[in-house]
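Colleague: Pasting a structure here, questions to come.
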Amino acid sequence: MKLFDVYPLYEVTPVRAKDVYVYDDHGTEYLDLYGGHAVISIGHAHPHYLNSISDQLNKIGFYSNAIQNPLQNKLADAIGAQSCLHSYALFLCNSGAEAIENALKLASFHTQRKKVLAFHKSFHGRTSAAVAVTDNKVISAPLNAQHEVDFIAFNDTEALKTALATKTYCSVIFEAIQGVGGLDQPDEAFVLALEQECNATGTCLIADEVQAGFGRTGTFFAYQHYPIQPHIITMAKGMGNGFPIGGILVHPSINAQHGMLGTTFGGNHLACRASLAVLDVLQQENLQEHAKKMEFYFRELAEKQPAIRNVKGRGLMLGIEFDFEVGTLRKSLIYDHHIFTGGSSNKKLIRILPPLTVQKHHIDFFFDALKKALEQNIQPS
Ligand SMILES: Cc1ncc(COP(=O)(O)O)c(C=O)c1O
6 MKLFDVYPLY EVTPVRAKDV YVYDDHGTEY LDLYGGHAVI SIGHAHPHYL NSISDQLNKI
66 GFYSNAIQNP LQNKLADAIG AQSCLHSYAL FLCNSGAEAI ENALKLASFH TQRKKVLAFH
126 KSFHGRTSAA VAVTDNKVIS APLNAQHEVD FIAFNDTEAL KTALATKTYC SVIFEAIQGV
186 GGLDQPDEAF VLALEQECNA TGTCLIADEV QAGFGRTGTF FAYQHYPIQP HIITMAKGMG
246 NGFPIGGILV HPSINAQHGM LGTTFGGNHL ACRASLAVLD VLQQENLQEH AKKMEFYFRE
306 LAEKQPAIRN VKGRGLMLGI EFDFEVGTLR KSLIYDHHIF TGGSSNKKLI RILPPLTVQK
366 HHIDFFFDAL KKALEQNIQP S
């Protein structure tokens with residue numbers, strides 16, 4: 006049987022990985038500045054992570070959500086402690102899009118409203134409501150058009166106020182740093198207005214932290230760079246360091262009812278243990294602080310590379326913008342210099358999403374390679 010061909014693939018076959026390196030089937034070492042799309046948070050094959058998962062698998066890997074699973078409570082406590090969101094409640098699922106679906110559904114249950122307000126260049130996933138609140142018509146099927154969604158620009162406070170004043174929106178969903186969209190961030194004044202208008206109109210504010218959460222931007226969640234309290238927070242990628250797990254955190258003003266949300270696999274023993282191991286390492290190795298330091302170092306070196314027009318993002322969720330399209334450059338970084346980087350819907354931007362364990366010498370290596378690749382392949386205008 007052949008694979009349903011939906012992914013354009015690079016010609017690399019990783020068979021092994023350790024910390025910030027990935028090794029292909031010929032033994033070639035690649036520096037991973039992509040983290041499998043911001044998924045690898047504590048580094049590939051971290052010993053504590055491996056030991057935790059194998060220990061748990063030897064005990065019990067899965068049983069359904071119809072029984073007690075104290076590992077879920079332990080995970081809720083650990084996320085509460087590291088995010089300082091002790092009063093929020095945790096619901097677990099398996100992926101980013103699933104977290105978004107649950108967040109939107111919960112907001113709709115809570116407000117008894119249907120419409121959603123989202124932002125230009127947003128990306129929230131590919132399932133039913135998640136793709137409907139994503140600003141990309143190409144990946145949305147006619148079926149997804151059933152959702153009532155409006156899109157406005159970041160920082161357009163008038164449009165925000167006008168929309169929410171109708172009191173017909175169940176939620177506003179935003180990324181504090183847009184991932185796929187190309188690392189744009191709203192202004193602080195607009196984020197404060199978001200919270201204020203949501204509270205004034207009984208609308209839920211959903212912070213999509215699927216990509217930016219779990220320490221990647223130097224705070225536990227990226228929205229925590231602003232003094233706001235969203236009603237629902239979605240998380241996934243960095244949460245399991247590659248083990249599929251997602252979740253939402255729910256503000257205490259939203260009540261749970263039995264049956265309103267549910268999943269077979271979500272919150273299973275193995276997934277909880279994987280995420281607990283991630284949280285242990287984040288704390289023990291002080292990776293949130295480390296992400297800030299590495300951002301500083303990265304920006305210092307980026308300033309010395311004249312082809313770079315702009316550095317966007319925070320912590321280890323960064324983008325470097327050029328005044329030409331970067332497809333050829335990224336291919337050269339992979340095939341000639343053995344460095345994985347990420348792209349975005351901004352074709353002139355390279356995304357940098359490494360494991361949070363990345364060190365200065367890896368960043369040095371990247372900028373040396375970038376210089377060579379620019380000299381070899383690209384003639385900036
Ligand atoms: C901000 C954001 N939300 C949601 C998603 C969807 O996550 P998943 O691919 O796990 O469904 C993504 C994936 O890239 C994302 O970046």
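Counted the way our numbering counts, the sequence shown spans residues 6 to 386.
Don't be surprised by glycine CBs; every beta carbon is placed ideally from N, CA and C.
For clarity, every value in this text was computed on a predicted model and none was experimentally measured.
#1: Could you tell me whether any non-hydrogen atom of ligand 1 is closer than 6 Å to the CB of Gln229?
#2: Can you tell me which residues form a DSSP beta bridge with Met240?
#3: How is the beta strand (DSSP E) around Pro19 delimited, first residue to last?
#4: Could you tell me which of Tyr26, Asn99, His31, Ile72 sits nearest to Gly243, measuring between CA atoms?
#5: Would you mind reading off the limits of the beta strand (DSSP E) that contains Arg278?
#6: Using only the alpha-carbon positions, how far apart do Leu254 and Thr139 sit?
#7: Judging by CA-CA distance, which residue of Ile182, Gly247, Gly186 is the nearest neighbour of Gln229?
#8: Taking the beta strand (DSSP E) that Ser5 belongs to, which residues open and close that run?
#9: What three-state label does DSSP hand Tyr340 in the structure shown?
#10: I'd like the list of long-range same chain contacts for Glu180, defined as Cβ closer than 6 Å, with 5 residues on each side in sequence excluded.
#11: May I ask you to report which of helix, strand or coil DSSP gives Val316?
#12: In its own chain, which residues sit with a C-beta less than 7 Å from the C-beta of Glu305, not counting the 5 before and 5 after it?
#13: For Phe345 versus Asp37, is the C-beta spacing smaller than 7 Å?
#14: Pull up the distance between the alpha-carbon of Asn70 and that of Met299, whole angstroms please.
#15: Just confirm the distance between the C-beta atoms of Gln61 and Arg278, as a whole number of angstroms; I'd bet it's less than 8 Å.
#16: Out of Leu210, Ile238, Pro191, state which residue places its alpha-carbon closest to the alpha-carbon of Ala102.
#17: Work out the CA separation of Ser349 and Glu330 for me, nearest whole Å.
#18: Could you give the distance in angstroms between the alpha-carbon of Ser280 and the alpha-carbon of Glu380?
#19: Please tell me whether, using a cut-off of 6 Å, the distance from the CB of Gln190 to the nearest non-hydrogen atom of ligand 1 is below it.
#20: Within its chain, find whatever has a CB closer than 7 Å to the CB of Val196; leave out the 5 residues flanking it on each side and keep chain order.
Modeller: Quick look at the numbers:
#1: Translated into the one-based positions of the sequence shown, residue 229 becomes position 224. No; taking the cut-off as 6 Å, the Cβ of Gln229 has no heavy atom of ligand 1 nearer than that.
#2: Translated into positions along the sequence shown, residue 240 becomes position 235. Per DSSP, Gly252.
#3: In the sequence shown, counting from the first residue as 1, residue 19 sits at position 14. Pro19 -> beta strand (DSSP E) spans 19–23.
#4: The residue labelled residue 243 in the question sits at position 238 within the sequence shown. The alpha carbon of Gly243 has as its nearest neighbour, out of Tyr26, Asn99, His31, Ile72, the alpha carbon of Asn99.
#5: Sequence index remark: in the sequence shown, residue 278 carries index 273 (1-based). Counting along the chain, Arg278 falls outside any beta strand (DSSP E), though it belongs to the alpha helix (DSSP H) covering 274–289.
#6: Residue mapping note: residue 254 aligns to position 249 of the sequence shown, counting from 1. Residue mapping note: residue 139 aligns to position 134 of the sequence shown, counting from 1. Going from the Cα of Leu254 to the Cα of Thr139 covers about 21 Å.
#7: On the sequence shown, position 224 is the one that residue 229 refers to. The shortest C-alpha separation from Gln229 is found at Ile182.
#8: No answer is possible for residue 5: it lies beyond the span of the chain, which begins at 6 and ends at 386.
#9: The sequence position of residue 340 within the sequence shown is 335, counting from 1. Of the three classes helix, strand and coil, the one that applies to Tyr340 here is helix, per DSSP.
#10: The sequence position of residue 180 within the sequence shown is 175, counting from 1. Excluding positions up to five away in sequence, the list reads Asp213.
#11: Here the question's residue 316 lines up with position 311 in the sequence shown. Here Val316 sits in strand by DSSP.
#12: Mapped onto the sequence shown, residue 305 falls at position 300. Only residues of its own chain outside the window of five on either side were considered, and among them none has a CB closer than 7 Å to the CB of Glu305.
#13: As a working mapping, residue 345 is identified with position 340 in the sequence shown. As a working mapping, residue 37 is identified with position 32 in the sequence shown. Yes, the Cβ-Cβ distance between Phe345 and Asp37 is below 7 Å.
#14: If you number the sequence shown from 1, residue 70 lands on position 65. If you number the sequence shown from 1, residue 299 lands on position 294. Spanning the two alpha carbons is a distance of roughly 40 Å.
#15: Position 56 of the sequence shown, counted from the first residue, corresponds to residue 61. Position 273 of the sequence shown, counted from the first residue, corresponds to residue 278. About 4 Å; that satisfies the 8 Å criterion.
#16: Position 97 of the sequence shown holds residue 102. Comparing Cα positions, the closest option is Ile238.
#17: In the sequence shown, the residue the question calls residue 330 occupies position 325. In the sequence shown, the residue the question calls residue 349 occupies position 344. Rounded to whole angstroms, Glu330 to Ser349 spans 11 Å at the Cα level.
#18: As a position in the sequence shown, residue 280 is number 275, starting the count at 1. As a position in the sequence shown, residue 380 is number 375, starting the count at 1. Distance between the alpha carbons of Ser280 and Glu380 is about 42 Å.
#19: Walking along the sequence shown from the start, residue 190 turns up at place 185. Answer for Gln190: no, Cβ out of range of ligand 1.
#20: Within the sequence shown, residue 196 is the residue found at index 191, counting from 1. So the qualifying residues of the chain are Tyr231, Ile233.
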